[in-house]
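Q: Just dropping this structure here.
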Amino acid sequence: MNLTKVGLFTICLLLLWLVSCSSSPAESGSYKIAEINEDIPVPANAESSKAQFDNPNIKKGEKYSLENFGGEQGLYPPNEYFEEIKNWGWEELEKEQMGHVHFFTKGDTIISIVIKEDYFYLVEMKEDFEFSHLKSPISY
38 MNLTKVGLFT
48 ICLLLLWLVS
58 CSSSPAESGS
68 YKIAEINEDI
78 PVPANAESSK
88 AQFDNPNIKK
98 GEKYSLENFG
108 GEQGLYPPNE
118 YFEEIKNWGW
128 EELEKEQMGH
138 VHFFTKGDTI
148 ISIVIKEDYF
158 YLVEMKEDFE
168 FSHLKSPISY
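This is the structure in structure tokens:
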């Protein structure tokens with residue numbers, strides 16, 4: 038190999054490395070940044086729509102439609118998605134789970150994910166939210 042080929046090869050490797058380092062988890066393929074909170078992912082092919090919530094514990098939320106999500110009647114949690122959420126630094130609050138309502142925390146933020154058949158709600162809870170005040174699953 039002559040010096041020109043080695044130089045070009047080195048530059049190509051450097052460019053590939055720079056491109057791979059500059060992409061965020063949201064740009065890595067199957068997940069994107071959620072519209073309600075840039076620190077949590079949603080499946081890239083999920084379609085968002087605004088949702089109204091009649092619950093004083095909710096700061097903001099979004100409904101995401103995604104075919105075959107949650108299984109029949111939303112009974113099957115999407116384990117791969119939950120693992121991705123954990124990879125982004127969120128901790129699941131398994132003791133607080135109520136049926137198809139799951140909670141994750143990161144810093145002072147609590148996110149609720151409500152799993153339904155072919156869609157889910159992603160909800161950011163208010164800062165003063167306390168689980169002790171929650172007597173039943175979040176109504177949507």
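Numbering-wise, my numbering puts 54 at position 17 of the sequence shown, and it's gapless, one number per residue.
Heads up, the beta-carbon is just placed ideally off N, CA and C, and yes, glycines get one too.
If you're wondering where the values come from, they're calculated on a predicted model, not measured in any experiment.
According to DSSP, SER169 sits in a beta bridge with which residue or residues?
A: According to DSSP, which records beta bridges pairwise, SER169 is partnered with nothing at all.
Q: Can you name the residues that DSSP bridges to TYR156?
A: In DSSP, TYR156 forms a bridge with SER102, LYS153.
Q: Is the Cβ-Cβ distance between MET162 and ILE147 less than 8 Å?
A: In this structure, ILE147 lies closer than 8 Å to MET162 by Cβ.
Q: In whole angstroms, what separates the C-alpha of LYS153 from that of GLU121?
A: Roughly 19 Å between the two C-alpha positions.
Q: Which residue wins for smallest C-alpha separation from ASP145, given the options LEU159, GLU167, VAL138?
A: Minimum Cα distance to ASP145 is reached at GLU167.
Q: Let's test the definition: count the other Cβ atoms within 10 Å of the Cβ of SER65 and tell me whether it reaches 16, buried, or not, exposed.
A: Since pLDDT at SER65 reaches only 44, below the 50 mark, its modelled position is unreliable, and the value read off the structure follows with that caveat. Label assigned to SER65: exposed.
Q: LYS143 bridges to which residues according to DSSP?
A: In DSSP, LYS143 forms a bridge with THR146.
Q: Smallest Cα separation from LEU130: which of LYS123, SER169, PHE141?
A: With distances taken between Cα atoms, LEU130 lies closest to PHE141.
Q: Taking just the CA atoms, how far does PHE157 sit from SER67?
A: For SER67 and PHE157, the distance between alpha carbons rounds to 17 Å.
Q: Pop quiz: LYS69 and VAL79 are said to be a contact at Cβ under 8 Å. What is the actual Cβ separation, rounded to whole angstroms?
A: At roughly 6 Å, the Cβ-Cβ gap stays under 8 Å, so LYS69 and VAL79 are in contact.
Q: Taking the alpha carbon of PHE106 as the point to measure from, which residue in GLU117, SER169, ASN74, GLN89 has its own alpha carbon closest?
A: Nearest C-alpha to PHE106: GLU117.
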